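Chains as they are written, first to last, in full-length UniProt numbering: chain A, 1 to 341; chain B, 1 to 341.
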DNA sequence: AGCGAGTCGGGAACCGGTTCCATGGACACG
DNA sequence: CGTGTCCATGGAACCGGTTCCCGACTCGCT
């Protein structure tokens, strides 16, 4: 174990000079700086972040609070964040607060209190008031992805617009009996992603004079969830819709699988549109509104870095380069279906 | 910011006594211990892990090196590990060494050298000799999941047996023209999971006297990868197989989607068997050999904890409660297909 | 020549804990 | 009553860096 004292001795300087040379603060002549750096390289010296952060108060580490790692969106975002943090020389500690586990309370009460990080990124989390107070009490910058919180800078896409765009695509094709799968009635419609996407669907329907046809089915935001909801929606042949506006691509894919299982053809019997730009979208020829979670990860890292460096930054960043990619899971409805409506 | 000095002052004892009372070492009378604990609770004191680890050398943190977070297997394993570590009061820092990025070298050279952890878990990683040397030079216990390394304790399932079991199921149904999708010829057949599953397939074929029929197609271990390979295998109607033994469920699902796209029925035209027990398996009625990544995550944490506590432990733990779950993606081959062989 | 500003480097304090060592009291035993 | 052991506690050193403060030296200017 070689410490900075060894480096200093080899370079023939004092600890303080060695530290200045390596961290780049204060006055050090170019020649001695070089000598110190060489000495450090020779013995393979790497500063202990523990010791450094003890005095500087900065850990070069950020905490990421995330509900899932193996849902596509969250996985992609996480990888985007990891890349961004690596580039800024930060480590990443993972706090996985999966719903339905007891770990959430323990993480908020116990693990976060250790303050092993300079800042926190939350992803798709809606903290309770108590949790929010906890976060604030850490006295570290907190930024949120996908959900606005009072007093916390955030990044998100315009979920209302995205879902409205998807629904308008179906309406433009001539569909009128369109069901939305994903949003849950119990959700706070302003706060949650699910809720905002439901709102987008409803906005589009109302704008087209189809307010009376609004119908939505709650679903887990996953392929199996979409499958189950799809089975339910398709199950009743009498008031079967001609199109589905799904809140995510995973839901959309699940719905497509359910439709095929039931012997329905996509898109001739049923059009399906999703939101995400999932890696499976192409395979299923899924029409979807793309968002790029990796970029969102990068953006949230930028925002946090602004806060850490004390740079001024926006309260809220709205990423909007989302675009509709039309593939062959959507088409005009069958004529008989149209008249039957 | 309250430190242990504040706790000590409030409790009316010295720093050293306060420390002993809170960490549980040395002699402290029950009454003063209680007084200290109360004082700590009153001011919401949480010890700085940085300061503590500076002197103890233990960080209460482990590093996890993982190639993907959003492949099902890896995501599940990661969640299993997170749960296990939380239970032991450890934090988790994530080192994501996605193939095809430059981050891998930076992580091994730069980030690991910071030694912010008491131990390392690698998942499905095959380190180069240089990387292995790096890991050893950290002087911290390293354990590996899914891949044996010289001098490193590990946990894995019997990939050869698992794949053999899957293939034997197809042979038992009467299939003879069975293609394996997944393994790559270039892989070290002993070292990699892909390779071992290929070996299991070949073993089963040879044992059944079908050695001459052995055929395998390399593929990315993902749904799109399986889809692409499936298209390729099915593409040539002349020597189309009657069954596919896929190296993972994601590959199997991709193959099923490809088959359906081509108008083939599963299982009547093509039987498909996978390995994993993926969350999509039921939806696709996939016959598969289940493994439980979450348990593997728990097991690898146990192994690391043994090493950290200095307990003796096995060099290698072979988890074998893997079982074949038969659903309806596999069936007897069509008679004409059998004779045509 | 005298002086101030700017540059360079060393000594020592400090971050917030843990642990070694010394001290002192209580108690048992010869 | 002296002495040894055990228990409880406090003081101080220490972990490995960073940073404050101060002294010395150089240089340019009056």
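We put the CB at the ideal spot given by N, CA and C, even for glycine.
Predicted model, so just to flag it, every value in this text is computed and none were measured.
Contact check, residue i vs residue j, beta carbons under 8 angstroms
{"i": "residue 83 (chain A)", "j": "residue 43 (chain A)", "result": "no"}
{"i": "residue 118 (chain A)", "j": "residue 303 (chain A)", "result": "no"}
{"i": "residue 216 (chain A)", "j": "residue 253 (chain A)", "result": "no"}
{"i": "residue 257 (chain B)", "j": "residue 283 (chain A)", "result": "yes"}
{"i": "residue 162 (chain A)", "j": "residue 32 (chain A)", "result": "no"}
{"i": "residue 54 (chain A)", "j": "residue 50 (chain B)", "result": "yes"}
{"i": "residue 4 (chain B)", "j": "residue 19 (chain B)", "result": "yes"}
{"i": "residue 318 (chain B)", "j": "residue 158 (chain B)", "result": "yes"}
{"i": "residue 2 (chain B)", "j": "residue 45 (chain B)", "result": "yes"}
{"i": "residue 167 (chain A)", "j": "residue 200 (chain A)", "result": "yes"}
{"i": "residue 292 (chain B)", "j": "residue 277 (chain B)", "result": "yes"}
{"i": "residue 143 (chain B)", "j": "residue 107 (chain B)", "result": "no"}
{"i": "residue 79 (chain A)", "j": "residue 104 (chain B)", "result": "no"}
{"i": "residue 113 (chain B)", "j": "residue 181 (chain B)", "result": "no"}
{"i": "residue 198 (chain B)", "j": "residue 211 (chain B)", "result": "no"}
{"i": "residue 192 (chain B)", "j": "residue 109 (chain B)", "result": "no"}
Rounded separation between residue i and residue j - CA only
{"i": "residue 236 (chain A)", "j": "residue 227 (chain A)", "result": "15 angstroms"}
{"i": "residue 295 (chain B)", "j": "residue 301 (chain B)", "result": "10 angstroms"}
{"i": "residue 268 (chain B)", "j": "residue 262 (chain A)", "result": "17 angstroms"}
{"i": "residue 329 (chain B)", "j": "residue 272 (chain B)", "result": "6 angstroms"}
{"i": "residue 136 (chain B)", "j": "residue 65 (chain B)", "result": "14 angstroms"}
{"i": "residue 13 (chain B)", "j": "residue 312 (chain B)", "result": "39 angstroms"}
{"i": "residue 160 (chain A)", "j": "residue 177 (chain A)", "result": "20 angstroms"}
{"i": "residue 23 (chain A)", "j": "residue 89 (chain B)", "result": "32 angstroms"}
{"i": "residue 133 (chain B)", "j": "residue 111 (chain A)", "result": "32 angstroms"}
{"i": "residue 86 (chain A)", "j": "residue 204 (chain A)", "result": "41 angstroms"}
{"i": "residue 202 (chain B)", "j": "residue 222 (chain B)", "result": "22 angstroms"}
{"i": "residue 196 (chain A)", "j": "residue 146 (chain A)", "result": "11 angstroms"}
{"i": "residue 175 (chain A)", "j": "residue 259 (chain A)", "result": "17 angstroms"}
{"i": "residue 171 (chain A)", "j": "residue 266 (chain A)", "result": "17 angstroms"}
{"i": "residue 325 (chain A)", "j": "residue 297 (chain A)", "result": "22 angstroms"}
{"i": "residue 333 (chain A)", "j": "residue 124 (chain B)", "result": "47 angstroms"}
{"i": "residue 10 (chain B)", "j": "residue 27 (chain B)", "result": "20 angstroms"}
{"i": "residue 21 (chain B)", "j": "residue 115 (chain B)", "result": "29 angstroms"}
{"i": "residue 129 (chain B)", "j": "residue 60 (chain B)", "result": "28 angstroms"}
{"i": "residue 77 (chain B)", "j": "residue 288 (chain A)", "result": "30 angstroms"}
{"i": "residue 275 (chain B)", "j": "residue 67 (chain A)", "result": "27 angstroms"}
{"i": "residue 353 (chain B)", "j": "residue 149 (chain A)", "result": "The question about residue 353 (chain B) has no answer, for chain B in this structure spans 1 to 341."}
{"i": "residue 290 (chain B)", "j": "residue 165 (chain B)", "result": "11 angstroms"}
{"i": "residue 213 (chain A)", "j": "residue 255 (chain A)", "result": "20 angstroms"}
{"i": "residue 316 (chain B)", "j": "residue 219 (chain B)", "result": "29 angstroms"}
{"i": "residue 81 (chain A)", "j": "residue 102 (chain B)", "result": "15 angstroms"}
{"i": "residue 30 (chain A)", "j": "residue 41 (chain A)", "result": "16 angstroms"}
{"i": "residue 314 (chain A)", "j": "residue 320 (chain A)", "result": "15 angstroms"}
{"i": "residue 169 (chain A)", "j": "residue 100 (chain B)", "result": "36 angstroms"}
{"i": "residue 63 (chain B)", "j": "residue 39 (chain A)", "result": "28 angstroms"}
{"i": "residue 335 (chain B)", "j": "residue 327 (chain B)", "result": "21 angstroms"}
{"i": "residue 52 (chain A)", "j": "residue 56 (chain B)", "result": "16 angstroms"}
{"i": "residue 299 (chain B)", "j": "residue 207 (chain B)", "result": "33 angstroms"}
{"i": "residue 8 (chain B)", "j": "residue 25 (chain B)", "result": "16 angstroms"}
Own chain partners of residue i with C-beta closer than 8 angstroms, once the 5 adjacent residues on each side are dropped
{"i": "residue 179 (chain B)", "result": "215, 216, 217, 233, 241, 243, 244 and 245"}
{"i": "residue 239 (chain B)", "result": "177"}
{"i": "residue 225 (chain A)", "result": "219, 250, 251 and 254"}
Same chain only: Cβ atoms within 7 angstroms of residue i, ignoring 5 sequence neighbours per side
{"i": "residue 58 (chain B)", "result": "118"}
{"i": "residue 187 (chain B)", "result": "Any answer about residue 187 (chain B) is weak, because its pLDDT of 47 lies below 50 and its placement is not dependable; what the coordinates show is given next. Counting only Cβ-Cβ distances below 7 angstroms, and skipping sequence neighbours, we find 194 and 195."}
{"i": "residue 331 (chain A)", "result": "173, 267, 268 and 271"}
{"i": "residue 305 (chain B)", "result": "88"}
{"i": "residue 131 (chain A)", "result": "108"}
Residues near residue i by beta carbon distance below 6 angstroms, same chain, minus five either side
{"i": "residue 47 (chain A)", "result": "none"}
{"i": "residue 231 (chain A)", "result": "258"}
{"i": "residue 35 (chain B)", "result": "11"}
Mind listing, in chain order, the continuous beta strand (DSSP E) runs of no fewer than 3 residues lying wholly within the region 37–82 of chain B? 61–66
Report yes or no: do three or more beta-carbon pairs, one from the region 243–257 of chain B and one from the region 66–75 of chain B, lie closer than 8 angstroms? yes
For the region 94–113 of chain B against the region 151–159 of chain B, do three or more pairs of beta-carbon atoms, one drawn from each stretch, fall closer than 8 angstroms, so that the two count as touching? no
Please give me, in chain order, every unbroken run of the alpha helix (DSSP H) with length at least 4 that falls completely inside the region 233–312 of chain A. Listed in chain order, the complete alpha helix (DSSP H) runs (minimum 4 residues) inside the region 233–312 of chain A are 249–261 and 293–309.
Scan the region 87–147 of chain A and note each continuous alpha helix (DSSP H) run of 4 residues or more that stays entirely inside, going in chain order. 103–106 and 129–137
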